[in-house]
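Single-structure report; data block below.
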Amino acid sequence: MTDVTNPLRLKPSKPVEPARRCKDWRILIVDDDEEVHAVTRMILGKVIYKDRGITMLSAYSAKEASQILARESGIAAILLDVVMESDDAGLQMVKVIREDLGNLAVRIILRTGQPGQAPEERVIIDYDINDYKAKSELTAQKLFTTVIAALRSYETILSLEKNKNGLTKILDSTSTLFQVSSIQNFASGVLTQLAGFLDCQPNGVICAQLEQDLSVANNRECTGIQILGAAGEYSDCMTCPMDGACKHSEMVQLIRQALSDKKTQMTDDYTVLYLETESAQGSAALLHGTLGDTDEHDRKLLEVFSSKISIALANALNYQKRTSAEAAATTDFLTGLNNRRQLLRIGVPLVSSAYRMNTQLAVAVIDIDHFKRINDTWGHDAGDEVLRIVGALLHERFRSSDIVARYGGEEFCVIASNLSPISAFDLFDDFRKTLEKMIIEIGDTKVYVSVSIGITTKVTDHVDTMISAADHLLYQAKHEGRNRVLID
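For our numbering, count along the sequence shown from 1 and bump the result up by 1261.
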């Protein structure tokens, strides 16, 4: 029987501080001899390796061991007897573990009381085991050494597998993160990828301290922090300020801490990645989830992932700045329609092409009647609201292929392709009638608005010429009493 003297690094009889945080190592003893189980537990029961004790599971046959392995996870090592219900039960069990269960990480230590029954050289070559010991030679010292070596090997395998999985997730996320998209789409992608990395739900926010405002819909700023995107249980953060009134006070505090310290923060419940980019003073991604028991490899992988996100965030911010600048150069800030510059840029080749191809095209100039009176009576805010409503109705009524623009002041211009004179008149007159019936509420006041419209369908080779012709017809419509459409 095994020598039980001198077991190494035993647990002290009284607990010491600090208490262990990590879960015990799990070892499965597979042997049909109850005494082997008892002696093994006596030797290993008080062993501590890397601040973790050892929990032992027992199986008295290969069949029972298979059932335990099928339902239990995280078993680091198996002390496996060769001869149990059959002469080669242990050897067949090795194939079940490696092939049927697909468990390549667990360390298998074969123990036999009959070395001649399963010669060591043949067994080591033919079976995927990690050690072979005769029970007669397995003293307490050797059992301790064998088990610690197995635990160390298991830990290394898990670390390598975790690194592989982590790097795979990072590589898989790269193609998604670096797709040029809006800030909101980017933020959603980051939260999804980070949740996959941490193996939790995508509940969190992406925020930044930006050097200048971006045109991000529904953003809220507080102390320089701008929320770029939110998901899951934090979706409400897109519509509430990040201040003392925010119900996610712990989230706000952690984000501020990460931005202040310029470093990643981790708590029992949250992971806050600090993201350093040239496009922002500082950025952070917060997710309601953690890596759990982290080690140096986990932290390094998280740093690699953070660097990828940082680069992708800079890419998304630069894209947003570029598109915002382009929009500012081509879009009317008040109505969201094309501005005069964009109308002419698109209209010049469109009109020229219609002239060359002899296709139908209509150019209309629309003017809000008595607009100065609206401004003088109810103020410029009321005038702006009227402009927005007229612009929105134009955007709604005309095709996406038509060019709709605010031409200047209270004037709008539309260039519509493939419209006959009759169709053009009907379309614009229907717009006029719809607007005429609308009630625009400004405070407690109800305002009625009408427009005058001039349309030309005589295609020339210059857009300016057609706009001038439509403008002349508009002037006639005004002269004849307003709230009407004139076409040449």
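Beta carbons are placed, not taken as given, at the ideal position from N, Cα and C, and that holds for glycine.
Because the structure is a prediction, the values reported are computed rather than measured.
**Message:** For arginine 1560 and leucine 1548, what's the separation of their Cα atoms in angstroms?
**Reply:** Whole-angstrom Cα-Cα distance: 16 Å.
**Message:** Would threonine 1373 and alanine 1395 qualify as a contact pair, given that the criterion is a beta-carbon distance under 8 Å?
**Reply:** Closer than 8 Å, so yes.
**Message:** Can you find the residues in the same chain that come closer than 6 Å, C-beta to C-beta, to proline 1276, ignoring five residues on each side of it along the sequence?
**Reply:** Legend: pLDDT at proline 1276 = 37, less than 50; position of this residue unreliable, no value from coordinates given.
**glutamine 1487: first and last residue of the uninterrupted beta strand (DSSP E) it sits in** = Glutamine 1487 -> beta strand (DSSP E) spans 1486–1492.
**Request:** Please list, in chain order, all residues of the same chain as lysine 1356 whose beta carbon is under 7 Å from its beta carbon, the five residues on each side excluded.
**Result:** For lysine 1356, where only same-chain residues beyond five positions count, there are no Cβ hits under 7 Å.
**Prompt:** Since valine 1651 contacts isoleucine 1664 with CB under 8 Å, what's their CB separation in whole angstroms?
**Reply:** Contact between valine 1651 and isoleucine 1664 does not hold, since the beta-carbon distance rounds to 16 Å and is not under 8 Å.
**Message:** Assuming the contact rule is C-beta atoms closer than 8 Å, aspartate 1342 and valine 1291 should be a hit. Round their C-beta distance to whole Å, please.
**Reply:** The distance from the Cβ of aspartate 1342 to that of valine 1291 is about 6 Å, consistent with a contact at the 8 Å cut-off.
**Message:** Assuming isoleucine 1516 is part of the alpha helix (DSSP H), what are its boundary residues?
**Reply:** Its alpha helix (DSSP H) spans residues 1510–1522.
**Message:** Buried or exposed for threonine 1706, going by 16 or more other Cβ atoms inside 10 Å?
**Reply:** Residue environment analysis places threonine 1706 among the exposed positions, since fewer than 16 neighbouring C-beta atoms fall within 10 angstroms of its C-beta.
**Message:** Considering only the alpha carbon of each residue, which of Ser1614, Ala1666, Gln1445 lies closest to alanine 1769?
**Reply:** Shown here, the chain extends from 1262 to 1749; a query on residue 1769 therefore has no answer.
**Within 8 Å, strictly: CB atoms of leucine 1520 and serine 1567** = Not in contact: leucine 1520 and serine 1567 (Cβ atoms no closer than 8 Å).
**Item:** Assigned secondary structure, leucine 1747 (DSSP; H/G/I helix, E/B strand, else coil)
**Value:** In this structure, DSSP gives leucine 1747 an extended state, which the three-state scheme calls strand.
**Prompt:** Are three or more beta carbon pairs between the region 1727–1737 and the region 1679–1686 nearer than 8 Å?
**Reply:** With a cut-off of 8 Å, the region 1679–1686 and the region 1727–1737 do not count as touching, because too few Cβ pairs lie within range.
**Prompt:** What residue does the alpha helix (DSSP H) around arginine 1693 start on, and which one ends it?
**Reply:** From DSSP, the alpha helix (DSSP H) with arginine 1693 extends over 1682–1698.
**Request:** Counting only the same chain and skipping the five closest in sequence on each side, list residues whose C-beta sits under 8 Å from that of lysine 1523.
**Result:** For lysine 1523, where only same-chain residues beyond five positions count, the Cβ hits under 8 Å are Tyr1535, Glu1537, Gly1543.
**Item:** For isoleucine 1701 and alanine 1730, the rounded distance between their alpha carbons
**Value:** Inter-residue distance for alanine 1730 and isoleucine 1701 is about 31 Å (C-alpha atoms, whole angstroms).
**C-alpha distance - alanine 1350 paired with glutamate 1382, whole-angstrom precision** = For the pair alanine 1350 and glutamate 1382, the Cα-to-Cα distance works out to about 18 Å.
**Asked** Between which two residues does the alpha helix (DSSP H) harbouring lysine 1633 extend?
**Response** 1632–1639 is the extent of the alpha helix (DSSP H) around lysine 1633.
**Message:** Please classify threonine 1406 as buried or exposed, where buried requires at least 16 other C-beta atoms within 10 Å of its C-beta.
**Reply:** When all chains shown are included, threonine 1406 counts as exposed.
**Asked** In three-state DSSP terms, what is glutamine 1445?
**Response** Reduced to three states, the DSSP call for glutamine 1445 is helix.
**Item:** Reduced DSSP secondary structure (H/G/I, E/B, other) of glutamate 1671
**Value:** Secondary structure at glutamate 1671: coil, using DSSP grouped into helix, strand and coil.
**Prompt:** If you drop the 5 nearest sequence neighbours on each side, which residues of the same chain put their C-beta closer than 7 Å to that of isoleucine 1385?
**Reply:** Answer for isoleucine 1385: Tyr1393, listed in chain order.
**Request:** Ignoring anything shorter than 3 residues or poking outside the region 1318–1353, list the beta strand (DSSP E) runs there in chain order.
**Result:** Whole beta strand (DSSP E) segments, 3+ residues: 1336–1342.
**Request:** Using the Cα positions of leucine 1289 and isoleucine 1486, report the straight-line distance between them to the nearest angstrom.
**Result:** In this model, leucine 1289 and isoleucine 1486 are separated by some 52 Å (Cα to Cα).
**Message:** For arginine 1649, tell me which candidate among Tyr1616, Ile1607, Gln1603, Leu1696 has the shortest Cα-Cα distance.
**Reply:** For arginine 1649, the closest C-alpha among the options Tyr1616, Ile1607, Gln1603, Leu1696 is that of Leu1696.
**Prompt:** Given a threshold of 16 other Cβ atoms within 10 Å of its Cβ, counted over all protein chains shown, does methionine 1699 qualify as buried or as exposed?
**Reply:** The C-beta of methionine 1699 has fewer than 16 other C-beta atoms within 10 Å across all chains shown, which makes the residue exposed.
**Asked** Are glycine 1715 and aspartate 1732 touching if we call contact CB-CB under 8 Å?
**Response** Yes.
**Request:** State the start and end residues of the unbroken beta strand (DSSP E) segment that holds glycine 1608.
**Result:** Unbroken run through glycine 1608 is the alpha helix (DSSP H), 1601–1618; no beta strand (DSSP E).
**Prompt:** Measuring CA to CA, which of Ser1322, Thr1316, Ile1315, Arg1287 is closest to glutamate 1295?
**Reply:** Nearest C-alpha to glutamate 1295: Ser1322.
**Prompt:** Skipping 5 residues on each side, what residues in its chain have a beta carbon closer than 6 Å to that of leucine 1515?
**Reply:** Closer than 6 Å at the Cβ level, and outside the excluded window around leucine 1515, lie Gln1526, Tyr1531, Val1533.
**Prompt:** According to DSSP, is glycine 1465 helix, strand or coil?
**Reply:** If DSSP states are grouped into helix, strand and coil, glycine 1465 belongs with the strands.
**Prompt:** With respect to the beta strand (DSSP E) encompassing tyrosine 1535, which residues constitute its N-terminal and C-terminal limits?
**Reply:** Tyrosine 1535 -> beta strand (DSSP E) spans 1532–1536.
**Message:** Just to check my reading of the structure: phenylalanine 1632 and arginine 1658 have Cβ atoms closer than 8 Å, yes? What is that Cβ distance to the nearest angstrom?
**Reply:** A Cβ-Cβ distance of about 20 Å is found for the pair phenylalanine 1632 and arginine 1658, leaving them out of contact under the 8 Å criterion.
**Request:** Could you check the C-alpha separation between serine 1510 and alanine 1546 for me, to the nearest Å?
**Result:** C-alpha of serine 1510 to C-alpha of alanine 1546: approximately 16 Å in a straight line.
**Distance CB(isoleucine 1329)-CB(alanine 1320) smaller than 8 Å** = Taking 8 Å as the Cβ cut-off, isoleucine 1329 and alanine 1320 qualify as a contacting pair.
**Request:** Ignore the nearest five residues each way along the sequence and tell me which others in aspartate 1460's own chain have a CB closer than 8 Å to its CB.
**Result:** Scanning its chain for C-beta atoms nearer than 8 Å, with the 5 sequence neighbours on each side dropped, one finds around aspartate 1460 the residues Gly1550, in chain order.
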